[in-house]
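With the UniProt record's numbering applied, the sequence shown has no gaps in its numbers, which climb one by one up to 818 at the end. Where a beta carbon is used, it is the ideal one built from N, C-alpha and C, also for glycine.
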Amino acid sequence: MTQAYTLERIAPIVGGVLLAAGPHTPILYLLQDSRRVIHPDTSLFFALCTARRDGHDFIRDAYKAGVRQFVVGRPVPLETIPGAGVLLVEDPLKALGDLAAWHRSRFQLPVIGITGSNGKTIVKEWLYQLLQDTYTIVRSPRSYNSQIGVPLSVWQIRPEDTLGIFEAGISQPGEMKRLEQIIRPTYGILTNIGAAHDEGFDSRRSKLREKLRLFAETRWLIYHQDDPMIQEEVSTQTHLRLFSWSRKDPNATLYIRHVEARAGKTTFNAVYKGGEVETTIPFTDEASIENALHCWSLLLLLDVPRDMTQLQPVAMRLELKQAIHHCTLINDSYSADLDSLYIALDFLTQQHQHPRKTVILSDLLETGLPERTVFEAVAGALRQRQVDRLIGVGPGIERARHLFDEVPKRLFYDSTDAFIKDYPALTFRDESILLKGARSFAFERISRLLELQAHQTILEIDLEAMAHNLQAHRNRLHPGTRIMAMVKAFSYGSGSYEIANLLQFQKVDYLAVAYADEGVHLRNSGVTLPIMVMNPETSAFETLVQHHLEPELFSFTILKTFRDYLEEEGIQRYPIHIKLDTGMHRLGFNPSETEALARLLEKDAALEVKSVFSHLAASEDPAEDDFTRLQAARFLEGCRTLQAALPYPFLKHLDNTAGILRHPDFQFDMVRLGIGLYGVDGTGTLPLQEVSTLRTNIAQIRRLEPGETVGYNRRGRIEQPSLVATVRIGYADGYPRRLGNGKGWMLVRGRLAPTIGSIAMDMAMLDITDIEGVEEGDDVVVFGNGLSVSEVARWADTIPYEILTGVSQRVRRVYFEQ
Ligand SMILES: *Cc1c(COP(=O)(O)O)cnc(C)c1O
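Below, the structure is given as structure tokens:
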């Protein structure tokens, strides 16, 4: 076995200075998240600075969890972490990469490096499914493909591994060179290059060139040559041996001559090395076809024939759903290894809406570690996250049951069948349940029991996209500017505590709701952030105070009533927010009233002004910028008057989403972020991700002849032989009735289909004549992924806010993380 890593040994590898020697324990694990300490003795903590947090702030937490070895980017007071080993480097992220690169250089194994815009994770997971019997494989956990994820993945290589599969993703120019040094792939796969220009790249071509840097030292590159730009750029890489596949060009290495989709399967006939080859996959959609052809190419190149009909869908995401008896179910069938378990457990601990947490866990079949080691790690993780109940399913976890004595409640079954047989005797009530099983345990049978059944139109909320959007706006803030996240109207239609939990985890500073009961609901779900209530009604004062909600006060009448209420209750210094009207003329004190307001607040002991704010009427509109500046001037004047009267400071805030981007000078102490969080950028300057996707499906398809009509009042007239699909969404779900009769479109098999006839209460009809291969039951996107909500709003002559908040509460919300 190779020599063990110690801090002394790592110091010269990463060019660091040892500030304190520490315990000399060999280092087996690299850590960058103090909440993920599982093996404290053998872990090395890197204090990484990201845009979101400074890892140095978490050194104490990691120390408390038992970690004794640290890599830091600036000196830390050693007396606060007595006995710890501390290595000072210039940049901890670079040190992490250097260490991983060094580790990689000690192994000769073949490594497959995958990059591209889409499909990286699926290709990686499918290759793993196809090759796991032939090789001992080390691969990136989940989608660990970033500047942090790649080193952590590569660090997992052990001497017994015979194949590595790693994915690489970049968000800025220059990053790929770094990832190349760490992965050093021997085989490369370029999945594709999306048309969207990511922030930071001038063009699709420069993005492609940057991605190709992953293959600087690669022997073989597999790629799809039907994209002319890819073909052109790849041909300039003279050091590479190319394995191209094509559906058009007989000269490609693998020429796909015939593709036939039938009964849920696709069969490919192709020419390879002058001979005929054939394979079949159990999918028919375009993305799966492309991903599978990359995998097939690699199988041919390695000369390891495999039956591809066995490919399993890759569940790419953690899903959060409403479950029976007021439970929340987190479903994670992604992969059964320790890293993905930690990620799922973190997601579980973010849920504060229920008092209890249950984990239903199968044997972990993909760790490559001894059973005992695995379950000791699992037990540690469950203890650390204070899981209340463990239900273990499988012979392995049952054998290891004695390791879980510290979990308050424990149940073990040797199979999924045994669990299901016992299910009627079990209680699940008001708890968060994490369901995580290896594929062979078929936990989908358990999730069917636990899920609340609802109708098939759902609003999917991509929590990771929301976190991304939050970060995209954070990047535009002046340092130190706080964020108040607007979660009024059920978070613009997307949910309540599910969203608030995420925002709390992502460390926003404030939440704002419209009405007291929205705030109460968040408090009852465990949200502890300060919450501003914009429409405090007199009848709700008691509720406000009980739940520590902070009212916006906008007139003398409401201010005096609230103050009288506080005095009656003997409450002092209750946090409030003052709203000034600077031109919107909706709510707020007039500029002429601020002097009198100052006199009133000056002597008041019942109220404490936490913030003073105003709302811009047209922050998104360049034609109104003079008016916006006038509003800002009035606002600052009002703030000055109030500040002169008050002996303590308060926060000033004016900008909403469009204001943050278009009027950065008015960000002041805090901004109020609304629609941007939910993926809508009116200014077109941020690469935001769609958060909400409204999906339905096709209930029936019929063929109609000219002269026939569709729907109420016979409004849809058929003029040529047509195919019409009825979908399960109507105006009662929030789909605007005015989008009937061809005004609106939905996505069917990735293509736009117009409505035909009037929208009914629960249903709508689409003209799918021009779309091939549509079947009953097919998924339909109403808005979201692939069809922006702004576009749909334009068709309906309204704004995205109205479409988003209009999705009715009978539409089930499903939350997920990629
Ligand atoms: C809704 C709201 C916002 C957020 O506006 P967006 O345009 O969604 O960013 C900010 N401030 C107030 C007072 C609001 O009511």
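Return the CA-CA distance between residue i and residue j, expressed in angstroms with no decimal places.
i           : j      : result
Asp681      : Gln689 : 10 Å
Leu341      : Gly480 : 34 Å
Val724      : Arg703 : 6 Å
Gly786      : Val811 : 20 Å
His197      : His468 : The pLDDT assigned to His197 is 47, lower than 50, so where the model puts this residue is not dependable; a value taken from the coordinates is nonetheless given after this. Roughly 16 Å separates the two Cα atoms.
residue 830 : Val111 : No answer is possible for residue 830: it lies beyond the span of the chain, which begins at 1 and ends at 818.
Val815      : Val513 : For the record, residue 815 in the displayed sequence is Tyr; it is not Val. Taking the straight line from one Cα to the other gives about 21 Å.
Thr538      : Val487 : 22 Å
Tyr29       : Ala20  : 20 Å
Pro536      : Met670 : 21 Å
Arg672      : Val86  : 40 Å
Leu78       : Leu318 : 40 Å
Arg410      : Gly588 : 56 Å
Asp581      : Phe627 : 13 Å
Gly784      : Leu502 : 20 Å
Glu431      : Ser494 : 21 Å
Tyr272      : His294 : 14 Å
Leu403      : Lys64  : 23 Å
Tyr423      : Glu451 : 14 Å
Can residue i and residue j be called in contact, C-beta distance under 9 Å?
i      : j      : result
Asp339 : Arg142 : yes
Thr280 : Met308 : yes
Gly750 : Gly806 : no
His521 : Ser496 : yes
Leu676 : His473 : Strictly speaking, residue 676 in this sequence is Gly, with Leu absent from that position. In this structure, His473 lies closer than 9 Å to Gly676 by Cβ.
Thr696 : Ile458 : yes
Arg184 : Ser105 : yes
Arg383 : Thr358 : no
Leu221 : Phe243 : yes
Leu642 : Leu661 : no
Gly164 : Arg205 : no
Ser146 : Asn192 : no
Ile446 : Phe412 : no
Pro282 : Gly264 : yes
Leu651 : Ser619 : no
Ile38  : Leu99  : no
Contact check, residue i vs residue j under 8 Å by CB: the rounded distance?
i           : j      : result
Ala753      : Leu766 : 4 Å
residue 819 : Pro591 : Not covered by the structure: residue 819. The range shown for the chain is 1 to 818.
Thr328      : Ile433 : 7 Å
His577      : Phe541 : That belief does not hold up - the Cβ atoms of His577 and Phe541 are roughly 15 Å apart, past 8 Å.
Ile122      : Asn291 : 5 Å
Glu608      : Pro575 : 5 Å
Arg219      : Tyr187 : 7 Å
Ala500      : Val527 : 5 Å
Glu167      : Lys120 : 4 Å
So is residue i buried or exposed if we call it buried at 16+ other beta carbons inside 10 Å?
i      : result
Ser235 : exposed
Gly674 : buried
Lys436 : buried
Tyr712 : exposed
Met1   : Per-residue confidence for Met1 stands at a pLDDT of 40, beneath the threshold of 50, marking its modelled position as unreliable; no derived number is given.
Leu370 : Note that residue 370 is Pro in the sequence shown here, rather than Leu. By the 10 Å Cβ count, Pro370 comes out exposed.
Gly169 : buried
Arg68  : buried
Val304 : exposed
Met761 : exposed
Gln504 : buried
Phe45  : buried
Thr693 : buried
Asn656 : buried
Establish whether the CB of residue i and some CB of chain D are separated by less than 9 Å.
i      : result
Leu616 : Of the chains in the structure shown, none is chain D; there is only one protein chain.
- Item | Inside the stretch 457-545 only - alpha helix (DSSP H) runs reaching at least 4 residues | For the stretch 457-545, whole alpha helix (DSSP H) runs of length 4 or above, ordered along the chain, are 463-474, 488-492, 497-505 and 516-524.
- Which full runs of the alpha helix (DSSP H) of 4+ residues lie inside the stretch 636-699, going along the chain? Fully enclosed alpha helix (DSSP H) runs of 4 or longer: 657-662.
- Message: Give the list of continuous alpha helix (DSSP H) stretches no shorter than 4 residues that lie fully inside the stretch 84-128.
- Response: Listed in chain order, the alpha helix (DSSP H) elements of length 4 or more contained wholly in the stretch 84-128 are 92-105.
- Could you tell me which uninterrupted alpha helix (DSSP H) segments, each at least 4 residues in length, are contained entirely in the stretch 202-264, listed from first to last along the chain? Listed in chain order, the complete alpha helix (DSSP H) runs (minimum 4 residues) inside the stretch 202-264 are 204-212 and 228-235.
- What are the start and end residues of each continuous alpha helix (DSSP H) run of 4 or more residues lying completely inside the UniProt domain "Alanine racemase C-terminal" (691-816), in chain order? Segments of the alpha helix (DSSP H) lying fully in the UniProt domain "Alanine racemase C-terminal" (691-816): 789-795 and 800-806.
- Which runs of the beta strand (DSSP E) spanning at least 3 residues fall entirely within the stretch 296-360, listed in chain order? Restricting attention to beta strand (DSSP E) runs no shorter than 3 residues, the stretch 296-360 encloses them at 318-323 and 327-332, ordered along the chain.
- Query: Which parts of the stretch 148-198 are runs of the beta strand (DSSP E), unbroken and 3 residues or longer, counting only runs that do not cross its ends?
  - Reply: Entirely contained in the stretch 148-198, the beta strand (DSSP E) runs reaching 3 residues are, in chain order, 163-167 and 187-190.
- Message: Restricting to runs no shorter than 3 residues, where is the beta strand (DSSP E) found entirely within the stretch 379-419?
- Response: Under the rule that a run must span 3 or more residues, the beta strand (DSSP E) segments found entirely inside the stretch 379-419 read 389-393 and 409-413.
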